[in-house]
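Novice: Next up is a structure, given as structure tokens.
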Amino acid sequence: MKKVPIWPIIKGAFIDIYDNLGWVLFISALWFGFAVPVVFAVLPGNLHTPLRVLLGISVIFLGPATAGAYYLANRLIKRESVEWRDYFYAFKKFFWRAEALILIYILAIIIVVVDFMFYSQIQNMVI
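For the sequence shown, my numbering begins at 5 and goes up steadily by one.
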């Protein structure tokens, strides 16, 4: 049985990790920038402030931002070359498909919330 030296394998793993770490941080920061307004807009007490505009803007761009992040991550995994403008290329390319998926997701959330409100009112009624 032939012994394989371990240090070249470990060195290669660290090089791969640090080569892609910048891209992973970039992808995460862009996605976080699109997702954070949703969190601040739905906090208690913020529903009657101008922050609701951020909620609408964020909902519009959250799906395509996720698609762009997935596209870049997929290219990194396949070891293809990645550039900064690839994120915005994917953002534009998959905009309408991602928008359709996020709207289906929002519709499902609305249905669950309405059902929860309906059944919580029924439970409080005295027969």
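Don't be surprised by glycine CBs; every beta carbon is placed ideally from N, CA and C.
(1) Quick check on Glu103: does DSSP put it in helix, strand or coil?
(2) Measuring from the CB of Ile14, is there a heavy atom of the ligand ADP at a distance below 8 Å?
(3) Where does Met5 fall in DSSP's three states?
(4) Using alpha carbons as the reference points, say which of Gly67, Arg83, Ile19, Ile21 lies closest to Ile110.
(5) To the nearest angstrom, how far is the alpha carbon of Arg79 from that of Phe92?
(6) If you pair each beta-carbon of the stretch 31-39 with each one of the stretch 59-74, do three or more pairs fall below 8 Å?
(7) Mapping DSSP to helix, strand and coil, what is Arg89?
Specialist: By the coordinates alone:
(1) Judged by DSSP in its simplified three-state form, Glu103 adopts helix.
(2) Among the components modelled here there is no ligand, and therefore nothing to report on the ligand ADP.
(3) If DSSP states are grouped into helix, strand and coil, Met5 belongs with coil.
(4) The candidate whose alpha carbon is nearest that of Ile110 is Gly67.
(5) Whole-angstrom Cα-Cα distance: 14 Å.
(6) Touching, yes.
(7) Shown here, Arg89 sits in a helix according to DSSP, grouped into three states.
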